[in-house]
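J.: Residues -10 to 282 (this note's numbering) are what the sequence shown spells out, left to right.
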Amino acid sequence: MTAELQDVFEKTASYGNPLGKNPKRRIAWTKGLEVDVPLISEVGRKVDVLWWVSDYPSYHPRGMEASRSLARVLTKLGIDFAILGAEERHDGDSMLRAGEQGLFEMLADQNIEALNSYEFDVLLTTDPHAYNAFVHEYPERGGNYNVEHYARFLADRIGDLNLSEDVLSTVTFHDPCYLGRHNGEYDAPRDLIAALPGANFVEMWRNKQNGYCCGGGGGGMWLDGLAAEHQTMRLSEKRVLEAVETGADTLCVVCPYEVSRFEDAVKSTNNDGALVVRDISELLAEAMGLSTA
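Rendered as structure tokens:
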């Protein structure tokens, strides 16, 4: 096991997240937000949607921006939602894929205990890896939920989004492995992009079931040091170059790992200014005339 991965495992075991952040800071992204993001522990009743925010959308600066955009979109839609806050821990999917079965089981059991203490209709996930874990791994441990990834949840409500502002961009899209190839969801993100007024959509040559991995899943998010020893170019850098080849100025993503990975790759491939990485929630918020700050 590499030192990088060992460090991530230890932080996750101690803090409930691979970044080693204080669990109490999970709700820091909600501070100063003009819309209410209630904690389910304080709501005191059943909610329609329990939003599983995940780690990078809670702690990483760019992930936090995307979370704020999604909170605005959900609020504008009138969705009755809440979050777990400090009770949420890493979903464990990447730990399991990286070989840490025991850590996955610990995280899953802790999360199931937290989730099963509340009532909700839909468990809404930001992260495709969390979606994958909840759908395929948690049921055998007693975690049975109606799970939806936010792209599908929003695509089913396109008619209610009131997308009235032009998004004057040429947009390409990266299929996350754990939303697309592992779970068969290719249409929802594309339907949302197609609904953006003024946007022009172009596909990369590798897409859908033939898409290309960003390198973040299965523990790869924390193995860049090892990858650098064995690769001349990171997978995320290759993918950014493919996005640039389309002539797009915007790379749309629906996975929180990809925001940071692709933004780093844009810089390392000297494409700063040529390509921006945006979560679909940010593009939707712009088209709805909502703040994206």
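Ideal placement from N, C-alpha and C gives every residue a C-beta, glycine not left out.
May I ask you to report which of helix, strand or coil DSSP gives Trp194?
T.: DSSP places Trp194 in coil when its eight states are reduced to three.
J.: On the three-state DSSP scale, how would you describe Ala237?
T.: Coil.
J.: Please work out which residues of its chain come closer than 8 Å, Cβ to Cβ, to Asn151, disregarding the five sequence neighbours upstream and downstream, and give them in chain order.
T.: Excluding sequence neighbours, Asn151 sits near Lys65 and Met277.
J.: Could you tell me whether the Cβ atoms of Ser43 and Ala119 are closer together than 7 Å?
T.: In contact: Ser43 and Ala119 (Cβ atoms closer than 7 Å).
J.: Expressed to the nearest angstrom, what Euclidean distance is found between the alpha-carbon atoms of Leu185 and Gly21?
T.: Each residue's alpha carbon lies about 28 Å from the other.
J.: Can you have a look at Asn135 and say buried or exposed, based on whether 16 or more other CB atoms are within 10 angstroms of its CB?
T.: By the neighbour-count rule (16 or more Cβ atoms within 10 Å), Asn135 is not buried but exposed.
J.: Any idea what DSSP makes of Leu152, helix, strand or coil?
T.: Coil.
J.: Using alpha carbons as the reference points, say which of Asp253, Ser249 and Glu275 lies closest to Met53.
T.: Of the candidates Asp253, Ser249 and Glu275, the one whose C-alpha sits nearest the C-alpha of Met53 is Ser249.
J.: Among the candidates Ile72, Leu92 and Ala188, whose CA atom is the shortest distance from the CA of Phe162?
T.: The shortest C-alpha separation from Phe162 is found at Ala188.
J.: Excluding the 5 residues flanking Val229 on each side, which residues of the same chain have their C-beta closer than 8 Å to its C-beta?
T.: The residues are Leu240, Phe251, Ala254, Val255, Thr258, Asn260 and Leu264.
J.: Are Asp82 and Ala122 closer than 7 Å when you measure CB to CB?
T.: Contact flag set, yes.
J.: Roughly how far, in whole angstroms, is the beta-carbon of Thr114 from the beta-carbon of Pro245, given that I think they are within contact range, below 8 Å?
T.: Contact flag wrong, Cβ pair sits at about 10 Å.
J.: Tell me whether the stretch 135 to 149 and the stretch 88 to 97 touch, counting them as touching only if at least three CB pairs, one residue from each stretch, are closer than 8 Å.
T.: No, because fewer than three Cβ pairs between the stretch 135 to 149 and the stretch 88 to 97 fall closer than 8 Å, the two stretches do not touch.
J.: Could you check what DSSP says for His79 in three-state terms: helix, strand or coil?
T.: Three-state result, His79: coil.
J.: Give the straight-line distance between the Cα atoms of Leu215 and Pro46, rounded to the nearest whole angstrom.
T.: Bear in mind that the predicted position of Leu215 carries a pLDDT of just 46, short of 50, making it unreliable; the figure below should be weighed with that in mind. Rounded to the nearest angstrom, the two C-alpha atoms are 25 Å apart.
J.: Taking only three categories from DSSP, how would you classify Ile16?
T.: Looking at Ile16 - three-state DSSP - the assignment turns out to be helix.
J.: Judging by CA-CA distance, which residue of Glu174, Lys227, Asp155 and Pro117 is the nearest neighbour of Asp145?
T.: The candidate whose alpha carbon is nearest that of Asp145 is Glu174.
J.: Measure the CB-CB distance between Ile269 and Leu181 and report whether it falls below 7 Å.
T.: Yes; because the gap between Cβ atoms is below 7 Å, this pair is in contact.
J.: Rounded to whole angstroms, what's the CA-CA distance from Tyr286 to Glu(-7)? Just pull it up for me.
T.: It is not possible to answer for residue 286, since the shown part of the chain is limited to -10 through 282.
J.: Alpha carbon to alpha carbon, what distance is there between Val26 and Thr19?
T.: About 7 Å.
J.: Just mark Ala237 as buried or exposed, buried being the case when its beta carbon has 16 or more other beta carbons within 10 Å.
T.: Buried, since its Cβ has 16 or more Cβ neighbours within 10 Å.
J.: DSSP three-state call for Leu264: helix, strand or coil?
T.: Correct three-state label for Leu264: coil.
J.: Can you tell which of Glu129, Ala55, Pro178 and Ala75 has the C-alpha that lies nearest to the C-alpha of Asn6?
T.: The residue with the shortest Cα to Cα distance from Asn6 is Ala75.
J.: Along the chain, where does the beta strand (DSSP E) that runs through His163 open and close?
T.: It is not in any beta strand (DSSP E) - His163 carries neither H nor E in the DSSP assignment.
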